[in-house]
Amino acid sequence: MVYNNKVLLGITLVIILNFNSCKKYEENPSFVILPKNSRLIGEWEIIRIEGESVETYFNNLYSGNTYNGALLYFNKINWIWDFEKDQDLDQDIQFIYSYTNTNYYGNTNSFTDTVSQKISMTWEWEDHKREIEIEQSNYYQTIRNDYEILKLTNSEMKLKDENNVEWEFEKL
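171 is the number that numbering that gives the first Met the number 0 gives the last residue of the sequence shown; the numbers go up by one with no jumps.
Dropping the structure here:
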């Protein structure tokens, strides 16, 4: 009887240690049933960049960056990444862009525009599915960016780009 309890305890410890060692991503739960492809495929909305809302991040990034004394302001940013099984990646971004300029004589000009842009890219797993490589090509060059996966569940994803900027997503 004592022998059976020790064997049962040993088997339980081995199982627990195996499940904990399977955790691949830094912020993932210890045990995830769905395979990585199933979790990644679909539409993801960017909700935070560097812990800030997308609007706050963009406005902080571009505040003070002026063109001929103009102020830039971004509002209602909606940025979707659509990962497809065939390794296509479509990025759709819509936002309202405001531009205000005061000239030398003190006259102020401003306008607001709605921007909608779609970018077609490709993606593939890298480093034993610890990273996602995203490739964008145009007439002149091909740009590749690697994103380290910090978290990938069926509803949340967190990536870190090559500049150590963290991107947080929610699945739609």
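Heads up, the beta-carbon is just placed ideally off N, CA and C, and yes, glycines get one too. As the structure is a computational prediction, the values presented were derived from the model and not from experiment.
- Helix, strand or coil at residue 36 according to DSSP, with G and I counted as helix: helix
- Query: Per DSSP, residue 170 is paired with what?
  - Reply: 43
- Query: Could you give the residue range of the alpha helix (DSSP H) that holds residue 114?
  - Reply: Note, residue 114: premise wrong, no alpha helix (DSSP H); beta strand (DSSP E) at 107 to 125.
- Message: DSSP three-state label for residue 144, please.
- Response: Strand.
- Task: Would you check whether the ligand COA has a heavy atom nearer than 7 Å to the C-beta of residue 39?
- Result: Although the ligand COA was asked about, the structure shown includes no ligands whatsoever.
- Query: What residues are listed by DSSP as bridge partners for residue 85?
  - Reply: Answer is none; residue 85 lacks a bridge partner.
- Item | Between the CA atoms of residue 165 and residue 129 - distance to the nearest angstrom | Linking residue 129 to residue 165 through their CA atoms gives a straight-line distance of about 15 Å.
- Name the one or two DSSP bridge partners that residue 57 has. Bridge partners of residue 57: none, in fact.
- Task: My understanding is that residue 74 touches residue 97, with C-beta atoms under 8 Å, so please give their C-beta distance in whole angstroms.
- Result: Confirmed, Cβ separation roughly 7 Å.
- Of the listed residues 57, 86, 62, nearest to residue 125 (C-alpha basis): 86
- The beta strand (DSSP E) spanning residue 128 covers which residue range? Looking at the DSSP string, residue 128 is not in any beta strand (DSSP E), and its letter there is neither H nor E.
- Could you pull out every residue in the same chain whose Cβ sits closer than 8 Å to the Cβ of residue 215, ignoring the five residues on either side in sequence? Past the boundaries of the shown model lies residue 215; the chain is included only from 0 to 171, so the question cannot be answered.
- Within 10 angstroms of the Cβ of residue 171, are there 16 or more other Cβ atoms? Answer buried if so, exposed if not. exposed
- Query: Just how far apart, CA to CA, sit residue 18 and residue 114?
  - Reply: Note that residue 18 scores 48 on pLDDT, short of 50, meaning its location in the model is unreliable and no value can be drawn from it.
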